[in-house]
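Visitor: Sending over a structure as C-alpha coordinates; questions will come in a sec.
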Amino acid sequence: MQYRSFGKLDYKVSTLGFGCMRLPLQKTDGEPDTTKIDEEESINMIRHAIDNGVNYIDTAYPYHGGKSEELVGKALKDGYREKVMLTTKMPIWMVKSIEDCDKYLDEQLQKLQVDYVDFYLLHAMGKERWDTVKKLEILSFLDNAIKEGKIKHVGFSFHEEIDFFKEILDAYDWALCQVQFNYMEDRRWEEEIKYAASKGIAVVVMEPLLGGKLAANQPDDIKAEFDKTDADRTAAEWALRWVLNHPEVTLLLSGMSNMPQVEENLKIMDKAVVNNLSAKELEVINKVRDIYEAKTKVKCTGCNYCVPCPQNVAIPNIFSTYNEAAIYNVGEQAKGTYKRAMQIERDASKCIECGICETKCPQKLPIIQHLKEAHIHLTI
(Lines of atoms letter the chains of each structure in order from A and count residues from 1; the text may use other names and numbers.)
(Lines give C-alpha, C1' and ligand atoms only; values in the text may rest on other atoms or scores of the structure.)
Protein backbone atom coordinates (compact mmCIF):
# COMPACT_ATOMS: atom_id res chain seq x y z
CA MET A 1 0.00 0.00 0.00
CA GLN A 2 1.22 3.48 -0.89
CA TYR A 3 0.66 6.42 1.47
CA ARG A 4 0.57 10.18 0.88
CA SER A 5 0.50 13.28 3.06
CA PHE A 6 -3.03 14.46 3.86
CA GLY A 7 -2.79 18.08 2.79
CA LYS A 8 -1.81 20.38 5.64
CA LEU A 9 -2.51 17.71 8.28
CA ASP A 10 0.19 15.65 9.92
CA TYR A 11 -1.21 12.40 8.66
CA LYS A 12 -0.25 9.74 6.12
CA VAL A 13 -3.22 8.27 4.31
CA SER A 14 -3.50 5.19 2.12
CA THR A 15 -3.90 6.04 -1.54
CA LEU A 16 -6.94 3.74 -1.55
CA GLY A 17 -9.96 4.75 0.49
CA PHE A 18 -12.92 2.43 0.99
CA GLY A 19 -16.10 4.10 -0.28
CA CYS A 20 -19.17 2.55 1.35
CA MET A 21 -21.78 3.44 -1.27
CA ARG A 22 -21.73 0.24 -3.39
CA LEU A 23 -21.52 -2.52 -0.79
CA PRO A 24 -22.69 -6.06 -1.65
CA LEU A 25 -26.45 -6.46 -1.35
CA GLN A 26 -29.05 -8.99 -0.37
CA LYS A 27 -31.75 -9.77 -2.89
CA THR A 28 -35.49 -9.15 -2.77
CA ASP A 29 -37.58 -11.12 -5.28
CA GLY A 30 -34.39 -12.12 -7.02
CA GLU A 31 -33.16 -8.55 -7.50
CA PRO A 32 -30.47 -6.69 -5.51
CA ASP A 33 -32.06 -4.46 -2.86
CA THR A 34 -30.01 -1.27 -2.34
CA THR A 35 -31.35 -0.88 1.22
CA LYS A 36 -30.42 -4.41 2.33
CA ILE A 37 -26.68 -4.77 2.70
CA ASP A 38 -25.01 -8.17 2.86
CA GLU A 39 -23.58 -7.42 6.28
CA GLU A 40 -21.26 -10.39 6.68
CA GLU A 41 -19.60 -9.94 3.29
CA SER A 42 -19.38 -6.15 3.64
CA ILE A 43 -17.76 -6.34 7.07
CA ASN A 44 -15.29 -8.95 5.80
CA MET A 45 -14.37 -6.71 2.85
CA ILE A 46 -13.89 -3.56 4.93
CA ARG A 47 -11.81 -5.34 7.55
CA HIS A 48 -9.73 -7.14 4.92
CA ALA A 49 -8.97 -3.78 3.30
CA ILE A 50 -7.95 -2.30 6.66
CA ASP A 51 -5.83 -5.35 7.47
CA ASN A 52 -3.99 -4.72 4.21
CA GLY A 53 -3.24 -1.06 4.80
CA VAL A 54 -6.38 0.95 3.98
CA ASN A 55 -6.83 3.62 6.67
CA TYR A 56 -9.56 5.85 5.21
CA ILE A 57 -13.26 4.90 5.29
CA ASP A 58 -15.91 7.05 3.59
CA THR A 59 -19.67 6.88 4.04
CA ALA A 60 -22.63 9.29 4.06
CA TYR A 61 -26.12 9.75 5.49
CA PRO A 62 -28.10 8.60 2.40
CA TYR A 63 -25.92 5.69 1.23
CA HIS A 64 -27.83 2.43 0.98
CA GLY A 65 -31.03 4.07 2.11
CA GLY A 66 -29.43 5.25 5.35
CA LYS A 67 -27.98 1.82 6.22
CA SER A 68 -24.35 2.39 5.21
CA GLU A 69 -23.39 4.29 8.37
CA GLU A 70 -24.87 1.53 10.51
CA LEU A 71 -22.87 -1.10 8.62
CA VAL A 72 -19.66 0.90 8.91
CA GLY A 73 -20.22 1.21 12.65
CA LYS A 74 -20.40 -2.56 12.94
CA ALA A 75 -17.36 -3.08 10.71
CA LEU A 76 -15.23 -0.74 12.85
CA LYS A 77 -15.80 -2.62 16.08
CA ASP A 78 -13.17 -4.93 17.61
CA GLY A 79 -10.39 -2.35 17.39
CA TYR A 80 -10.81 -1.37 13.74
CA ARG A 81 -12.02 2.16 14.53
CA GLU A 82 -8.61 3.05 15.91
CA LYS A 83 -6.91 2.01 12.68
CA VAL A 84 -8.70 4.40 10.31
CA MET A 85 -9.76 7.93 9.57
CA LEU A 86 -13.56 7.95 9.35
CA THR A 87 -15.51 10.27 7.07
CA THR A 88 -19.22 10.91 6.77
CA LYS A 89 -21.26 13.76 5.33
CA MET A 90 -23.97 16.23 6.34
CA PRO A 91 -27.15 15.81 4.23
CA ILE A 92 -27.28 19.53 3.55
CA TRP A 93 -30.39 19.25 1.32
CA MET A 94 -32.34 18.09 4.40
CA VAL A 95 -31.19 20.93 6.65
CA LYS A 96 -33.88 23.57 7.16
CA SER A 97 -32.60 25.08 10.42
CA ILE A 98 -29.38 25.14 12.42
CA GLU A 99 -31.02 22.73 14.88
CA ASP A 100 -31.19 20.18 12.06
CA CYS A 101 -27.40 20.20 11.86
CA ASP A 102 -27.15 19.00 15.45
CA LYS A 103 -29.93 16.47 14.92
CA TYR A 104 -28.34 14.83 11.90
CA LEU A 105 -24.80 14.83 13.26
CA ASP A 106 -25.92 13.22 16.53
CA GLU A 107 -27.93 10.65 14.59
CA GLN A 108 -24.92 9.84 12.43
CA LEU A 109 -22.60 9.44 15.41
CA GLN A 110 -25.14 7.08 16.94
CA LYS A 111 -25.39 5.01 13.76
CA LEU A 112 -21.62 4.83 13.48
CA GLN A 113 -21.34 4.00 17.20
CA VAL A 114 -18.55 6.56 17.67
CA ASP A 115 -18.00 9.68 19.74
CA TYR A 116 -16.55 11.61 16.80
CA VAL A 117 -15.72 11.41 13.11
CA ASP A 118 -12.37 12.50 11.75
CA PHE A 119 -13.84 14.28 8.73
CA TYR A 120 -17.34 15.72 8.32
CA LEU A 121 -18.17 16.87 4.82
CA LEU A 122 -20.86 19.14 3.46
CA HIS A 123 -22.35 16.70 0.98
CA ALA A 124 -22.64 17.39 -2.77
CA MET A 125 -22.19 21.13 -2.56
CA GLY A 126 -23.53 23.44 -5.23
CA LYS A 127 -24.76 26.99 -5.48
CA GLU A 128 -28.16 26.41 -3.88
CA ARG A 129 -26.71 24.39 -1.01
CA TRP A 130 -23.92 26.88 -0.53
CA ASP A 131 -26.58 29.57 -0.14
CA THR A 132 -28.13 27.42 2.61
CA VAL A 133 -24.75 27.12 4.33
CA LYS A 134 -24.34 30.89 4.36
CA LYS A 135 -27.93 31.67 5.32
CA LEU A 136 -27.96 29.30 8.30
CA GLU A 137 -24.32 30.02 9.28
CA ILE A 138 -23.49 26.33 9.09
CA LEU A 139 -19.75 27.01 9.00
CA SER A 140 -20.05 28.40 12.54
CA PHE A 141 -21.92 25.25 13.54
CA LEU A 142 -19.01 23.18 12.19
CA ASP A 143 -16.53 25.26 14.18
CA ASN A 144 -18.55 24.60 17.34
CA ALA A 145 -18.79 20.89 16.55
CA ILE A 146 -15.00 20.79 16.35
CA LYS A 147 -14.74 22.51 19.74
CA GLU A 148 -17.21 20.00 21.19
CA GLY A 149 -15.10 17.12 19.88
CA LYS A 150 -17.80 15.67 17.63
CA ILE A 151 -15.74 16.16 14.48
CA LYS A 152 -12.02 16.68 13.93
CA HIS A 153 -11.88 18.30 10.51
CA VAL A 154 -14.22 19.75 7.89
CA GLY A 155 -14.45 19.29 4.12
CA PHE A 156 -16.93 19.24 1.28
CA SER A 157 -17.82 17.09 -1.71
CA PHE A 158 -18.58 18.74 -5.01
CA HIS A 159 -20.65 17.70 -8.05
CA GLU A 160 -21.59 21.00 -9.72
CA GLU A 161 -20.15 23.05 -12.55
CA ILE A 162 -16.44 23.65 -12.14
CA ASP A 163 -16.73 27.46 -12.28
CA PHE A 164 -18.30 27.51 -8.80
CA PHE A 165 -15.65 25.29 -7.19
CA LYS A 166 -13.09 27.94 -6.28
CA GLU A 167 -15.63 30.16 -4.55
CA ILE A 168 -16.34 27.42 -2.03
CA LEU A 169 -12.69 26.39 -1.84
CA ASP A 170 -11.65 29.93 -0.83
CA ALA A 171 -14.44 30.46 1.70
CA TYR A 172 -13.21 28.35 4.63
CA ASP A 173 -10.18 26.59 6.07
CA TRP A 174 -11.11 23.20 4.64
CA ALA A 175 -9.12 20.08 5.42
CA LEU A 176 -10.23 18.36 2.22
CA CYS A 177 -12.28 18.62 -0.92
CA GLN A 178 -13.83 15.60 -2.59
CA VAL A 179 -14.21 15.80 -6.37
CA GLN A 180 -15.03 13.56 -9.30
CA PHE A 181 -11.86 13.04 -11.32
CA ASN A 182 -10.98 10.44 -13.95
CA TYR A 183 -9.41 10.41 -17.39
CA MET A 184 -12.75 11.13 -19.06
CA GLU A 185 -13.54 14.20 -16.95
CA ASP A 186 -13.01 17.77 -18.15
CA ARG A 187 -9.24 18.35 -18.19
CA ARG A 188 -9.73 21.71 -16.45
CA TRP A 189 -10.06 19.75 -13.21
CA GLU A 190 -6.32 19.17 -13.29
CA GLU A 191 -5.80 22.90 -12.69
CA GLU A 192 -8.47 22.99 -9.98
CA ILE A 193 -6.94 20.19 -7.95
CA LYS A 194 -3.54 21.84 -8.28
CA TYR A 195 -5.05 24.99 -6.80
CA ALA A 196 -6.60 23.04 -3.91
CA ALA A 197 -3.32 21.28 -3.21
CA SER A 198 -1.45 24.59 -3.26
CA LYS A 199 -3.68 25.72 -0.35
CA GLY A 200 -2.84 22.61 1.67
CA ILE A 201 -6.28 21.13 1.06
CA ALA A 202 -6.27 17.36 0.58
CA VAL A 203 -7.81 16.21 -2.70
CA VAL A 204 -9.97 13.11 -2.33
CA VAL A 205 -11.08 11.68 -5.67
CA MET A 206 -14.44 9.98 -6.13
CA GLU A 207 -15.63 8.12 -9.23
CA PRO A 208 -12.13 7.30 -10.53
CA LEU A 209 -13.80 4.64 -12.70
CA LEU A 210 -16.74 6.88 -13.65
CA GLY A 211 -19.21 4.72 -11.77
CA GLY A 212 -17.55 1.57 -13.12
CA LYS A 213 -17.98 2.60 -16.78
CA LEU A 214 -14.22 2.69 -17.36
CA ALA A 215 -13.78 -0.82 -15.99
CA ALA A 216 -16.70 -2.87 -17.36
CA ASN A 217 -17.97 -3.62 -20.88
CA GLN A 218 -14.83 -2.17 -22.46
CA PRO A 219 -15.40 -1.62 -26.22
CA ASP A 220 -13.11 -3.58 -28.55
CA ASP A 221 -11.47 -0.48 -30.02
CA ILE A 222 -10.60 0.79 -26.53
CA LYS A 223 -9.15 -2.56 -25.54
CA ALA A 224 -7.13 -2.66 -28.76
CA GLU A 225 -5.59 0.72 -27.98
CA PHE A 226 -4.53 -0.37 -24.49
CA ASP A 227 -3.17 -3.64 -25.94
CA LYS A 228 -0.71 -1.65 -28.06
CA THR A 229 1.39 -1.18 -24.92
CA ASP A 230 3.52 -3.79 -23.24
CA ALA A 231 1.65 -3.27 -19.97
CA ASP A 232 -0.55 -6.15 -18.83
CA ARG A 233 -3.24 -4.19 -16.99
CA THR A 234 -6.97 -4.34 -16.48
CA ALA A 235 -9.13 -1.42 -17.52
CA ALA A 236 -9.56 -0.55 -13.84
CA GLU A 237 -5.81 -0.48 -13.28
CA TRP A 238 -5.27 1.93 -16.16
CA ALA A 239 -7.90 4.29 -14.77
CA LEU A 240 -6.76 4.16 -11.15
CA ARG A 241 -3.10 4.57 -12.01
CA TRP A 242 -3.97 7.61 -14.16
CA VAL A 243 -5.67 9.30 -11.19
CA LEU A 244 -2.80 8.57 -8.80
CA ASN A 245 -0.24 9.64 -11.39
CA HIS A 246 -1.17 13.18 -10.29
CA PRO A 247 0.91 14.36 -7.30
CA GLU A 248 -1.92 16.70 -6.24
CA VAL A 249 -4.26 13.75 -5.57
CA THR A 250 -4.21 12.62 -1.94
CA LEU A 251 -6.23 9.43 -2.32
CA LEU A 252 -8.97 7.90 -4.41
CA LEU A 253 -12.17 6.29 -3.20
CA SER A 254 -13.31 3.01 -4.63
CA GLY A 255 -16.87 1.80 -4.06
CA MET A 256 -16.05 -1.91 -3.97
CA SER A 257 -18.91 -4.40 -4.28
CA ASN A 258 -17.16 -7.75 -3.85
CA MET A 259 -13.96 -9.22 -2.45
CA PRO A 260 -12.24 -9.69 -5.85
CA GLN A 261 -12.55 -5.93 -6.41
CA VAL A 262 -10.94 -5.31 -3.03
CA GLU A 263 -8.08 -7.67 -3.88
CA GLU A 264 -7.55 -6.10 -7.31
CA ASN A 265 -7.47 -2.57 -5.91
CA LEU A 266 -5.05 -3.53 -3.15
CA LYS A 267 -2.64 -4.94 -5.74
CA ILE A 268 -2.93 -1.85 -7.93
CA MET A 269 -2.13 0.44 -5.00
CA ASP A 270 1.30 -1.14 -4.59
CA LYS A 271 2.27 0.29 -7.98
CA ALA A 272 0.24 3.49 -8.22
CA VAL A 273 2.87 6.01 -7.15
CA VAL A 274 3.16 9.60 -8.36
CA ASN A 275 4.27 9.77 -11.99
CA ASN A 276 3.85 6.01 -12.36
CA LEU A 277 2.85 6.31 -16.03
CA SER A 278 5.33 6.92 -18.83
CA ALA A 279 4.87 9.57 -21.49
CA LYS A 280 3.95 6.84 -23.98
CA GLU A 281 1.32 5.43 -21.62
CA LEU A 282 -0.19 8.86 -21.08
CA GLU A 283 -0.41 9.26 -24.86
CA VAL A 284 -2.32 5.97 -25.03
CA ILE A 285 -4.81 7.22 -22.43
CA ASN A 286 -5.23 10.45 -24.39
CA LYS A 287 -5.98 8.36 -27.49
CA VAL A 288 -8.46 6.26 -25.52
CA ARG A 289 -10.20 9.43 -24.38
CA ASP A 290 -10.42 10.60 -28.00
CA ILE A 291 -11.95 7.29 -29.08
CA TYR A 292 -14.52 7.42 -26.31
CA GLU A 293 -15.41 11.04 -27.06
CA ALA A 294 -15.82 10.28 -30.78
CA LYS A 295 -18.68 7.95 -29.84
CA THR A 296 -20.68 10.88 -28.43
CA LYS A 297 -24.12 11.08 -30.04
CA VAL A 298 -25.13 14.56 -28.86
CA LYS A 299 -22.57 17.34 -28.30
CA CYS A 300 -24.50 18.63 -25.29
CA THR A 301 -22.42 20.52 -22.72
CA GLY A 302 -25.02 20.21 -19.95
CA CYS A 303 -25.41 23.98 -19.63
CA ASN A 304 -29.16 23.48 -18.86
CA TYR A 305 -30.26 26.55 -20.84
CA CYS A 306 -32.87 24.34 -22.52
CA VAL A 307 -34.69 23.61 -19.26
CA PRO A 308 -37.18 23.90 -17.76
CA CYS A 309 -39.08 22.45 -20.70
CA PRO A 310 -42.81 23.38 -20.88
CA GLN A 311 -43.58 19.64 -21.11
CA ASN A 312 -41.11 18.80 -18.31
CA VAL A 313 -38.87 16.79 -20.64
CA ALA A 314 -35.53 16.15 -18.92
CA ILE A 315 -33.53 17.17 -21.99
CA PRO A 316 -29.92 17.25 -20.65
CA ASN A 317 -30.46 14.07 -18.63
CA ILE A 318 -31.82 12.24 -21.67
CA PHE A 319 -28.83 13.30 -23.77
CA SER A 320 -26.44 12.25 -21.01
CA THR A 321 -28.07 8.82 -20.81
CA TYR A 322 -28.05 8.47 -24.61
CA ASN A 323 -24.37 9.42 -24.79
CA GLU A 324 -23.34 7.07 -22.00
CA ALA A 325 -25.08 4.16 -23.72
CA ALA A 326 -23.12 4.85 -26.91
CA ILE A 327 -19.76 5.74 -25.36
CA TYR A 328 -19.38 3.19 -22.59
CA ASN A 329 -21.24 0.19 -24.00
CA VAL A 330 -23.84 0.28 -21.22
CA GLY A 331 -26.98 0.07 -23.31
CA GLU A 332 -29.08 -2.01 -20.91
CA GLN A 333 -28.18 0.17 -17.94
CA ALA A 334 -29.08 3.28 -19.93
CA LYS A 335 -32.40 1.78 -20.97
CA GLY A 336 -33.19 1.16 -17.31
CA THR A 337 -32.43 4.79 -16.50
CA TYR A 338 -34.61 5.97 -19.37
CA LYS A 339 -37.45 3.69 -18.33
CA ARG A 340 -37.52 5.45 -14.97
CA ALA A 341 -37.75 8.79 -16.81
CA MET A 342 -40.73 7.42 -18.73
CA GLN A 343 -42.42 6.33 -15.52
CA ILE A 344 -42.38 9.91 -14.25
CA GLU A 345 -43.30 11.27 -17.69
CA ARG A 346 -40.07 13.18 -18.31
CA ASP A 347 -39.00 11.22 -21.39
CA ALA A 348 -38.60 12.43 -24.97
CA SER A 349 -42.01 11.14 -26.05
CA LYS A 350 -43.54 14.09 -24.19
CA CYS A 351 -41.90 16.57 -26.58
CA ILE A 352 -44.48 18.54 -28.60
CA GLU A 353 -41.80 20.10 -30.84
CA CYS A 354 -42.50 23.66 -29.71
CA GLY A 355 -38.84 24.51 -30.38
CA ILE A 356 -38.36 26.75 -27.35
CA CYS A 357 -35.36 24.68 -26.25
CA GLU A 358 -33.62 25.12 -29.61
CA THR A 359 -33.88 28.91 -29.41
CA LYS A 360 -32.05 28.82 -26.07
CA CYS A 361 -29.31 26.30 -26.92
CA PRO A 362 -25.87 28.02 -27.17
CA GLN A 363 -24.62 25.07 -29.25
CA LYS A 364 -27.50 25.46 -31.72
CA LEU A 365 -28.21 21.75 -31.45
CA PRO A 366 -31.17 20.20 -33.29
CA ILE A 367 -32.63 19.19 -29.95
CA ILE A 368 -35.98 17.94 -31.28
CA GLN A 369 -34.30 15.54 -33.70
CA HIS A 370 -31.82 14.34 -31.07
CA LEU A 371 -34.68 13.65 -28.66
CA LYS A 372 -36.38 11.48 -31.27
CA GLU A 373 -33.15 9.57 -31.89
CA ALA A 374 -32.53 9.11 -28.17
CA HIS A 375 -36.05 7.82 -27.58
CA ILE A 376 -35.68 5.22 -30.34
CA HIS A 377 -32.28 3.98 -29.17
CA LEU A 378 -33.26 3.84 -25.49
CA THR A 379 -36.52 1.96 -26.05
CA ILE A 380 -35.67 -0.65 -28.70
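In our numbering, the protein residues as written are -3 to 376. Virtual Cβ for every residue (Gly too), placed ideally from N, Cα, C.
1) Would you list the one or two residues that DSSP bridges to Glu27?
2) Among the candidates Ile323, Arg0, Leu12, whose CA atom is the shortest distance from the CA of Met265?
3) Could you check where the alpha helix (DSSP H) with Ile94 kicks off and where it finishes?
4) Which residue's Cα is closest to the Cα of Glu233: Val129, Lys219, Pro243, Ile323?
5) Compare the beta carbon distance of Lys293 and Ala322 with 8 Å and say whether it is the shorter of the two.
6) Name the DSSP bridge partner or partners of Gly151?
7) From Leu240 to Gly327, what distance separates their C-alpha atoms?
8) Between Leu249 and chain D, is the shortest Cβ-Cβ distance under 8 Å, so that the two count as touching?
9) Just list the residues that DSSP pairs Leu82 with in beta bridges.
10) Tell me where the beta strand (DSSP E) around Ala198 begins and ends.
11) Excluding the 5 residues flanking Lys360 on each side, which residues of the same chain have their C-beta closer than 8 Å to its C-beta?
12) By Cβ distance below 6 Å, which residues in the same chain neighbour Gln174 in space, the five residues on each side in sequence not counted?
13) Quick one, which of Glu181, Tyr100, Lys131 has its alpha-carbon nearest His155's?
14) Taking His119 as the reference, give the member of Asp96, Tyr52, Glu279, Thr84 with the closest Cα.
15) Give a yes or no on whether the C-beta atoms belonging to Lys46 and Lys79 are separated by under 8 Å.
16) Taking only the alpha-carbon atoms, compute the straight-line gap between Gln257 and Leu273 and give it to the nearest angstrom.
17) Among the candidates Tyr168, Phe161, Trp170, Ala167, whose CA atom is the shortest distance from the CA of Gln176?
Guide: On the basis of the supplied data:
1) DSSP lists Thr24 as partners of Glu27.
2) Taking the Cα of Met265 as reference, the smallest distance to any Cα among Ile323, Arg0, Leu12 is reached at Leu12.
3) Run containing Ile94: 94 to 108, per the alpha helix (DSSP H) assignment.
4) Ranking the options by Cα distance to Glu233, first place goes to Lys219.
5) Yes; because the gap between Cβ atoms is below 8 Å, this pair is in contact.
6) Its beta-bridge partners are Leu117, Leu172.
7) Looking at the two C-alpha atoms, the distance is approximately 29 Å.
8) In the structure shown, chain D does not exist; there is a single protein chain.
9) Paired residues: Ile53.
10) That run of the beta strand (DSSP E) goes 198 to 202.
11) The answer, listed in chain order, is Glu354.
12) Cβ-Cβ distances below 6 Å link Gln174 to Ser153, Val200, Met202 in the same chain, with the five nearest sequence neighbours on each side left out; the list follows chain order.
13) With distances taken between Cα atoms, His155 lies closest to Glu181.
14) When Asp96, Tyr52, Glu279, Thr84 are compared, the shortest CA-CA separation from His119 is found for Thr84.
15) Here the sequence assigns Ile to residue 46, which means Lys is not the residue at that position. Closer than 8 Å, so yes.
16) Going by the C-alpha atoms only, they are around 22 Å apart.
17) Residue Phe161 is the option with its Cα nearest to Gln176.
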